[in-house]
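Residue numbering for the sequence shown follows our numbering, starting at 628 and increasing by one per position.
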Amino acid sequence: MLDTAPAVRARPEPAPGSAAERMAWLDGLRAVAVLLVLYAHLSRYLFHGVRGITGEWLHAGTAGVMLFFLVSGYIIPASLERHGSLRSFWVSRIARLAPLYLVVTVLVLCLGANGLVPTDPELAAHPATAAAAHATMLPHLLGVPLVTPVFWTLTFEMAFYLLVSALFALRLHRRGGAVAVLLAAISVLVVPLAPTLLPATPVTVAVALGLAAGLPAVASGRRWAVVGGALLLAAIALTLLAANQDPAHVWDGLLIVAVMFVGTTVHRAQHGQTGWWRAGTVAAAVGAALIFTWYAELDALGAPTATYRTRSVVTLLVFGGFFALGLLARAARTPRPLAWLGRISYSVYLVHFVLLQLLSPVLTPAGDRLPVLAQVPVALGYLGLLLGLSWLTYRFVEVPGQRLGRRAVRWMTARWGSD
628 MLDTAPAVRA RPEPAPGSAA ERMAWLDGLR AVAVLLVLYA HLSRYLFHGV RGITGEWLHA
688 GTAGVMLFFL VSGYIIPASL ERHGSLRSFW VSRIARLAPL YLVVTVLVLC LGANGLVPTD
748 PELAAHPATA AAAHATMLPH LLGVPLVTPV FWTLTFEMAF YLLVSALFAL RLHRRGGAVA
808 VLLAAISVLV VPLAPTLLPA TPVTVAVALG LAAGLPAVAS GRRWAVVGGA LLLAAIALTL
868 LAANQDPAHV WDGLLIVAVM FVGTTVHRAQ HGQTGWWRAG TVAAAVGAAL IFTWYAELDA
928 LGAPTATYRT RSVVTLLVFG GFFALGLLAR AARTPRPLAW LGRISYSVYL VHFVLLQLLS
988 PVLTPAGDRL PVLAQVPVAL GYLGLLLGLS WLTYRFVEVP GQRLGRRAVR WMTARWGSD
């Protein structure tokens, strides 16, 4: 998914002992996360036999995105508090995520119009609603079909940003652990949530107007506006998460946000802002809620087998274990290939699925007809092309967007002062 670290200048290698090197372990975790997602999607086309075995014991895609969410929860609130400015935070986030998001959106729509990749016909049937929903980066919670499936994670990222901004504006930003436990408890009590209750067009218009009012308010610096805007943003996020969840996430949608707040609590424990016992309790509560809801989903699907129950536990242990290992080994030097892959992971995440769709006429027969060893060069060719394209989008789309964001923050601070 997702590279959700604060915007940084592109550089070939961080200097030894620098802040960038000290944070390189997060890039390593992003690399692991995107590799898990890549395996989950590529194995739909190649290595079917391997997928048949590993899929019985691990949800690789779920483990990958949950690891992304943990990393995001760890770093995003810390970035906001370090800068102390909601205005700077939102400008940086938009500049970090929106350029590539827009490029991929336009690319997919053009490819879809020419029949090269599948797109949902509802997008063409209701273009204004689709455009407005995607502009909010919340389409997955607005009942609007996604331009490309991987955008769903960005919707949960945006909901998390709204909640974090509201907590910061209300001076409750150190209550992330309590929020995580509360979301976990609600999820266990009400699972599954009712899917998509609100009509797409009216709720999209209402949310767009709410964001247009709430975001400037929390960045205004006027206390009454900050509080009112914070309450509005929190209401938008919580309403969508509770009442308009996509059917794919009626079981664990609230827990996705809870996982991000686990990352926040771990960061606070690491920096002495809360106790490790409290962080461990929050992590255990959310982990137990995940297992409970995943088991409940298996029961509802009529598949509560020992293997599938074990797979749920293994999936939790994989993403939680990788995060714990990264945290414990953060002082060690991150291998350069992992750090590099982590830096371009947002590009890899957004580009990889579109490339799979484009190459499906080649990948599908290769997976059906070639023996496993003969599929290896095909997979390597795909990965080489993907990494090359992702580096280009990182270098020529992401990095310029980050630079533009920094300039915009400096200009607004010079013109209006700090918020």
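From the three backbone atoms N, C-alpha and C, an ideal C-beta is built for every residue, glycine too.
Task: Residue interval of the alpha helix (DSSP H) (run including Val893) - done: Gly880 to Gln897
Open item on the list: I believe Thr892 touches Ala906 by the beta-carbon criterion, under 8 Å. Please report the beta-carbon distance rounded to the nearest angstrom.
Closed with: 5 Å
Task: Nearest to Gln1002 (by Cα), restricted to the options Pro754, Gly676, Thr934 and Met650 - done: Gly676
- [ ] Determine the closest residue to Leu824 out of Trp1038, Tyr788 and Asp873, with distance taken between C-alpha atoms.
- [x] Asp873
TODO: Pair every Cβ in the stretch 738 to 749 with every Cβ in the stretch 984 to 996, then say whether three or more of these pairs are closer than 8 Å.
DONE: yes
TODO: Can you check the stretch 679 to 725 for any alpha helix (DSSP H) of at least 4 residues that lies completely inside it and give the ranges in chain order?
DONE: 687 to 710
Open item on the list: In the DSSP output, which residue or residues are listed as bridge partners for Gln872?
Closed with: Pro822
Task: Close beta carbons around Ala691, own chain, < 6 Å, minus the five adjacent residues each side - done: The sequence given here has Gly at residue 691, not Ala. If we look at Gly691 and ignore the five residues flanking it on each side, its Cβ neighbours are Ala660, Leu663 and Val664.
Open item on the list: Among Val731, Ala869, Leu860 and Pro964, whose alpha-carbon lies nearest the alpha-carbon of Val791?
Closed with: Leu860
Task: Short Cβ contact (9 Å threshold) for Gly994 with Phe950 - done: no
- [ ] Figure out for me which residue from Ala875, Ala758 and His898 has the closest Cα to the Cα of Leu928.
- [x] Ala875
Task: Inter-stretch contact at 8 Å, needing at least 3 Cβ pairs: the stretch 707 to 720 / the stretch 1028 to 1039 - done: yes
TODO: Over the uninterrupted alpha helix (DSSP H) stretch that includes Glu924, give me the two end residues.
DONE: Trp903 to Leu928
TODO: Would you decide whether Gly914 is buried or exposed? Buried here means 16 or more other CB atoms lie within 10 Å of its CB.
DONE: buried
Task: Buried or exposed by the 16-neighbour rule on C-beta atoms within 10 Å, applied to Leu750 - done: buried
TODO: Give the single residue among Val877, Val830, Leu724 and Pro766 whose Cα lies nearest to the Cα of Ser1072.
DONE: Nothing can be reported for residue 1072, as the shown portion of the chain is limited to 628 through 1046.
- [ ] Take Leu730 and list the residues in its own chain whose beta-carbon comes closer than 8 Å to its own, dropping the five residues that flank it on each side.
- [x] According to the sequence provided, residue 730 is Val. The question's Leu does not apply to it. Closer than 8 Å at the Cβ level, and outside the excluded window around Val730, lie Thr1020 and Val1024.
- [ ] Select from Ala966, His767, Arg957 and Pro726 the residue whose C-alpha is nearest the C-alpha of Ala827.
- [x] His767
- [ ] To the nearest angstrom, report how far apart Pro1004 and Ile680 are at their CA atoms.
- [x] 21 Å
Task: Asp926, buried or exposed, once every other Cβ within 10 Å from all chains shown has been counted against 16 - done: exposed
TODO: Could you say which of Ala821, Trp684, Phe778 and Ile883 lies nearest to Ser699 if we only look at CA atoms?
DONE: Ile883
- [ ] Give the straight-line distance between the Cα atoms of Val832 and Ala864, rounded to the nearest whole angstrom.
- [x] 15 Å
Task: Three-way DSSP call (helix, strand, coil) for Val744 in this model - done: coil
Task: Gln1002: first and last residue of the uninterrupted alpha helix (DSSP H) it sits in - done: Val999 to Thr1020
- [ ] Please check the pair Ala786 and Leu868, which I expect to be a contact at CB under 8 Å, by giving their CB distance rounded to whole angstroms.
- [x] 6 Å
Task: Span separating the alpha-carbon of Ile1078 from that of Asp1046 - done: Lying before the first or after the last residue shown, residue 1078 is absent from the chain, which here runs from 628 to 1046.
Task: Residue from Leu707, Phe795, Ala805 and Ala759 whose Cα sits closest to the Cα of Val830 - done: Ala759
Open item on the list: Relative to the C-alpha of Gly1015, which candidate in Val999, Met1039, Ile971 and Gly770 has its C-alpha closest?
Closed with: Ile971
- [ ] Can you give me the start and stop residues for the alpha helix (DSSP H) that Ser939 sits inside?
- [x] Ala933 to Leu955
- [ ] Could you tell me how far apart the beta carbons of His686 and Phe980 are, in whole angstroms, since I believe they sit closer than 8 Å?
- [x] His686 to Phe980, Cβ: 17 Å. No contact.
Open item on the list: Going by C-alpha to C-alpha distance, which of Leu943, Leu838, Leu997 and Phe696 sits closest to Trp779?
Closed with: Phe696
TODO: Kindly list the residues whose CB is nearer than 8 Å to the CB of Val989, restricted to its own chain and excluding five residues on each side of it in sequence; keep chain order.
DONE: Val1005
Open item on the list: Rounded to whole angstroms, what is the Cα-Cα separation between Trp967 and Gly953?
Closed with: 16 Å
- [ ] Select from Arg936, Leu738, Gly688 and Arg1022 the residue whose C-alpha is nearest the C-alpha of Ser670.
- [x] Gly688
TODO: Using a threshold of 9 Å, state whether the C-beta atoms of Ala933 and Trp878 are closer than that.
DONE: no
Task: Span separating the alpha-carbon of Glu784 from that of Pro998 - done: 40 Å
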